[in-house]
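Below: one structure, written as structure tokens.
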Amino acid sequence: QKVATGESALFNPDVVFLLADLLDARDLCRVSLTCQALGGKQAAHNGLSLVEDAARQQLECATEWERSCLPKRDDEGWVELYRHLLMLRSKL
Numbered sequence: 818q819k820v821a822t823g824e825s826a827l828f829n830p831d832v833v834f835l836l837a838d839l840l841d842a843r844d845l846c847r848v849s850l851t852c853q854a855l856g857g858k859q860a861a862h863n864g865l866s867l868v869e870d871a872a873r874q875q876l877e878c879a880t881e882w883e884r885s886c887l888p889k890r891d892d893e894g895w896v897e898l899y900r901h902l903l904m905l906r907s908k909l
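Now the structure itself:
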């Protein structure tokens, strides 16, 4: 029962979004790998994986200035762009 609850939490878009708020990009990638190991092939409504969609949502919450500093290129994933956002926010 506990495993099923854990699996359903990892595949819940709201839970993954909340996790993304607490994790850095490297840890978010680990969540993605864990979901894959548990057989999670579920995608968000827009065709992205749950983790990619959570990273995209985090970027939507960024300030206008932060978004202007981080334009998304075609070959760049949302988790990678989220990592750049965290680097932009970090102290030198």
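Residues 818 to 909 (my numbering) make up the sequence shown, in order. From the three backbone atoms N, C-alpha and C, an ideal C-beta is built for every residue, glycine too.
CA-CA distance, residue 898 and residue 904?
Spanning the two alpha carbons is a distance of roughly 10 Å.
Spatial neighbours of residue 895 within its chain, please: CB distance less than 6 Å, with the 5 preceding and 5 following residues excluded, ordered by chain position.
Here the set comprises 869, 872 and 873.
Can you tell me whether DSSP reads residue 909 as helix, strand or coil?
It is coil, neither helix nor strand.
Given a cut-off of 8 Å, decide if residue 883 and residue 902 are closer than it, judged by their beta-carbon atoms.
Yes; because the gap between Cβ atoms is below 8 Å, this pair is in contact.
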